[in-house]
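Colleague: Below is the structure I would like to discuss, written out as structure tokens.
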Amino acid sequence: MNRKLFELQEIDNQIAKFMRERSRLDDGSTLRSERDTLQKARDVEQERLNTLNKQRADKELELKATEDKIARQQQRLMNATSAHEVTSLERDIKALSHARGDLDEAILNLMDEAETSAARLAELEKEFQEKSAETTEAEKTFAGQTTRLENQLAVAKAKREQLVPQIEADDLAMYTRIAKAHQGVAVAHPDKGNCSACGMALTSFNLREAKSQEWPTCENCNRLLYVE
């Protein structure tokens with residue numbers, strides 16, 4: 002059998018290997034998804050913290066207004082001249098004091114929630130930064146490996162282009178037909194007495210015949226069999 006068919010198979014094996022490696026590269030998509038999920042969670046928590054801080058600021062303004070009103074009513078109480086006015090002012094001050102207590106409690110609760118939210122936000126920010134660094138490194142590795150494999154593929158394809166014109170048309174047609182039928186592997190060779198493609202044991206008769214036939218094949222898988 003023409004040795005150039007064996008050489009062509011070796012090149013095609015390399016091309017297939019490089020393409021498999023390229024298809025299996027981790028482009029960082031999983032890490033990007035995890036990073037984006039963390040970013041969304043961080044942004045949601047940041048918005049929650051902003052809302053809590055705004056609510057607290059509003060409550061503090063409301064508390065100040067209530068305290069100012071209590072102070073005014075107390076001043077009026079000191080200057081009251083009738084029992085009815087005193088009773089009315091005392092009732093108003095009591096209601097305002099109750100409202101102030103509710104506001105104090107609400108502000109404390111908002112402060113606690115904001116503290117918890119801030120801690121969670123810091124945790125999410127840390128996780129996001131770490132995941133971002135992982136993603137960047139994965140993308141950098143992917144780019145480097147892709148470039149390496151693309152270069153190796155280009156070299157192998159160039160060798161193939163140089164070799165193909167040196168092969169007889171009938172030989173090339175036979176090679177192409179068998180390759181299509183056997184996942185790209187048209188030519189096998191003896192490997193420790195077995196067919197390198199299917200693993201079937203090759204008899205001495207097979208090996209002797211292969212050296213003299215134009216297109217020798219493995220009796221099991223029917224691939225071309227190249228014997229030195």
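Taking the working numbering as reference, the numbering of the sequence shown is continuous, increasing by one, and the terminal residue is 229. For every residue, glycine included, the Cβ atom is placed at its ideal position computed from N, Cα and C. These figures come from a predicted structure and were not determined experimentally.
Should Asn-14 be counted as a contact of the ligand ADP given a C-beta to heavy atom distance under 7 Å?
Modeller: Absent from the structure shown: the ligand ADP. Ligands present: none.
Colleague: Does DSSP put Pro-217 in a helix, in a strand, or in coil?
Modeller: Here residue 217 corresponds to residue number 216 of the sequence shown, with the count starting at 1. Here Pro-217 sits in coil by DSSP.
Colleague: CB Glu-35 to CB Lys-132, shorter than 8 Å?
Modeller: One-based indexing of the sequence shown puts residue 35 at position 34. One-based indexing of the sequence shown puts residue 132 at position 131. Result yes, Cβ atoms of Glu-35 and Lys-132 sit closer than 8 Å.
Colleague: Expressed to the nearest angstrom, what Euclidean distance is found between the alpha-carbon atoms of Lys-158 and Leu-26?
Modeller: Residue 158 sits at position 157 when you count from the first residue of the sequence shown. Residue 26 sits at position 25 when you count from the first residue of the sequence shown. Their Cα atoms are separated by approximately 20 Å.
Colleague: Out of Glu-124, Gln-163, Thr-82, Ala-100, point me to the one whose CA is closest to Gln-40's CA.
Modeller: Taking the sequence shown and counting its residues from 1, the one referred to as residue 40 is at position 39. When only C-alpha atoms are compared, the closest one is Glu-124.
Colleague: Between the beta-carbon of Lys-60 and the beta-carbon of Ala-119, is there less than 8 Å?
Modeller: Along the sequence shown, read from residue 1 onward, the residue named residue 60 stands at position 59. Along the sequence shown, read from residue 1 onward, the residue named residue 119 stands at position 118. Contact flag unset, no.
Colleague: Short of 6 Å in beta carbon distance, which residues of its chain neighbour Ser-197, apart from the five on each side in sequence? Order them along the chain.
Modeller: Start at 1 with the first residue of the sequence shown, and residue 197 comes out as number 196. If we look at Ser-197 and ignore the five residues flanking it on each side, its Cβ neighbours are Ala-189, His-190.
Colleague: Mapping the DSSP letters down to three states, classify Asp-1 as helix, strand or coil.
Modeller: Beyond the ends of the chain as shown, which are 2 and 229, falls residue 1; an answer cannot be given.
Colleague: Where in the segment 76-113 do unbroken runs of the alpha helix (DSSP H), each at least 4 residues long, occur, reported from the N-terminal end onward?
Modeller: Whole alpha helix (DSSP H) segments, 4+ residues: zero.
Colleague: Considering only C-alpha positions, which residue in the set Leu-226, Lys-141, Glu-11, Glu-151 is nearest to Gly-29?
Modeller: In the sequence shown, counting from the first residue as 1, residue 29 sits at position 28. Nearest option by C-alpha distance: Lys-141.
Colleague: Quick check: the segment 48-65 against the segment 161-169, are at least 3 beta-carbon pairs closer than 8 Å?
Modeller: No, they do not touch.
Colleague: Return the first residue and the last residue of the alpha helix (DSSP H) that Gln-10 is part of.
Modeller: Counting from 1 along the sequence shown, the entry for residue 10 is found at position 9. Start and end: 4-24.
Colleague: Hey, Gly-200 and Asp-13 are a contact pair by Cβ (cut 8 Å); roughly how many whole angstroms apart?
Modeller: Stepping through the sequence shown from its first residue, residue 200 is reached at position 199. Stepping through the sequence shown from its first residue, residue 13 is reached at position 12. Going by Cβ atoms, the distance from Gly-200 to Asp-13 rounds to 20 Å, so no, they are not a contact pair.
Colleague: Is there contact between the segment 68-81 and the segment 93-107, where contact requires at least three CB pairs shorter than 8 Å?
Modeller: With a cut-off of 8 Å, the segment 93-107 and the segment 68-81 count as touching, because enough Cβ pairs lie within range.
Colleague: Look at Arg-233 and Leu-150 and say whether their C-beta atoms are less than 8 Å apart.
Modeller: Residue 233 is absent from the model: the chain starts at 2 and stops at 229.
Colleague: Starting from Ala-198, trace the alpha helix (DSSP H) in both directions and tell me its first and last residue.
Modeller: Taking the first residue of the sequence shown as 1, we reach residue 198 at position 197. Unbroken run through Ala-198: none, as it is neither H nor E.
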